[in-house]
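Let me begin by presenting the structure, written as structure tokens, before commenting on it.
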Amino acid sequence: MIVRGCQRRLTGISANIRNESFATAQSFCEYDKDFARLNSGGEIVYIKSLVEFCNGDSCNSRIKDFASGEKCVGQNTDRLDNAGISCFDCISTNGNCFSSREACSKKYCFKSNVDIHGVPSVYKTCADFSPYGPNAACGHSTLTIVPGDMAKLDGSLTQCFCNDKHYCNSASVRSISAFAMIILGIVSVFRFV
144 MIVRGCQRRL TGISANIRNE SFATAQSFCE YDKDFARLNS GGEIVYIKSL VEFCNGDSCN
204 SRIKDFASGE KCVGQNTDRL DNAGISCFDC ISTNGNCFSS REACSKKYCF KSNVDIHGVP
264 SVYKTCADFS PYGPNAACGH STLTIVPGDM AKLDGSLTQC FCNDKHYCNS ASVRSISAFA
324 MIILGIVSVF RFV
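Everything in the sequence shown is counted per the numbering used here, starting at 144 for the first residue and increasing by one.
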């Protein structure tokens, strides 16, 4: 899947890219060959993700080919202390995301907060890309799900990418309630109907 457009319209944020490669090539790109994300069933899947920033239409007309391994122009190699940044790697439904000692290491820490009908859940991991540019930033959106066409549930999603310190994707998280487990059960049952 390819998504193209103005970053401010897509994410609500304008990146402040101060990178030597961007100044000369007018392009800034980041690539993650195995970003761990949750699918609609709450299972971890690994995807390839490429984010490219450019001025004008210069990168909108190019097609990146994951199969050919085309390298990003202006790839960000900045890392904290010239090494990968350590991040929490957990899901709140495992019962212990806040105090988890599971960790991963890449260029950014990632945290996703989903609140559906007042029931929070959190996913934390690491990434080699950020859709918001090379600085720490968060995006927020509202969402509506209709599991099995039975009930409309409103919620919100906040996604943050950070790289300013190790374990920057930490924050206090309320544990998931029994109500959340029921909702997740309803969603997974109707996924197969």
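Yeah, the Cβ is synthetic: ideal placement off N, Cα and C, and Gly gets one too. Since the model is a prediction, treat every value here as computed from it, not as a measurement.
Under 8 Å by Cβ, that's how I've got residue i and residue j pegged, so tell me the actual separation to the nearest angstrom.
i: residue 255; j: residue 229; result: Incorrect: roughly 18 Å between the Cβ atoms, too far for contact.
i: residue 285; j: residue 299; result: 5 Å
i: residue 275; j: residue 181; result: Between residue 181 and residue 275 the Cβ distance is about 19 Å, and since that is not below 8 Å, they are no contact.
i: residue 171; j: residue 192; result: With a Cβ gap of about 15 Å, residue 171 and residue 192 do not count as contacting.
What three-state label does DSSP hand residue i in the structure shown?
i: residue 298; result: strand
i: residue 284; result: strand
i: residue 235; result: helix
i: residue 175; result: strand
i: residue 151; result: helix
i: residue 258; result: strand
i: residue 212; result: Caution applies to residue 212, whose pLDDT of 47 falls short of 50 and renders its modelled position unreliable; the value that the coordinates give is listed next. Coil at residue 212, not helix or strand.
i: residue 263; result: strand
Alpha carbon to alpha carbon, how far is residue i from residue j?
i: residue 196; j: residue 283; result: 20 Å
i: residue 307; j: residue 260; result: 32 Å
i: residue 227; j: residue 258; result: 30 Å
i: residue 280; j: residue 304; result: 6 Å
i: residue 251; j: residue 147; result: 22 Å
i: residue 231; j: residue 287; result: 28 Å
i: residue 246; j: residue 295; result: 35 Å
i: residue 302; j: residue 190; result: 17 Å
i: residue 175; j: residue 194; result: 9 Å
i: residue 278; j: residue 149; result: 18 Å
i: residue 233; j: residue 269; result: 10 Å
i: residue 272; j: residue 311; result: 15 Å
i: residue 153; j: residue 183; result: 21 Å
i: residue 188; j: residue 198; result: 32 Å
i: residue 292; j: residue 156; result: 33 Å
i: residue 309; j: residue 235; result: 20 Å
i: residue 353; j: residue 173; result: Because residue 353 is not part of the residues shown, which for the chain are 144 to 336, the question remains open.
i: residue 253; j: residue 313; result: 10 Å
i: residue 290; j: residue 186; result: 17 Å
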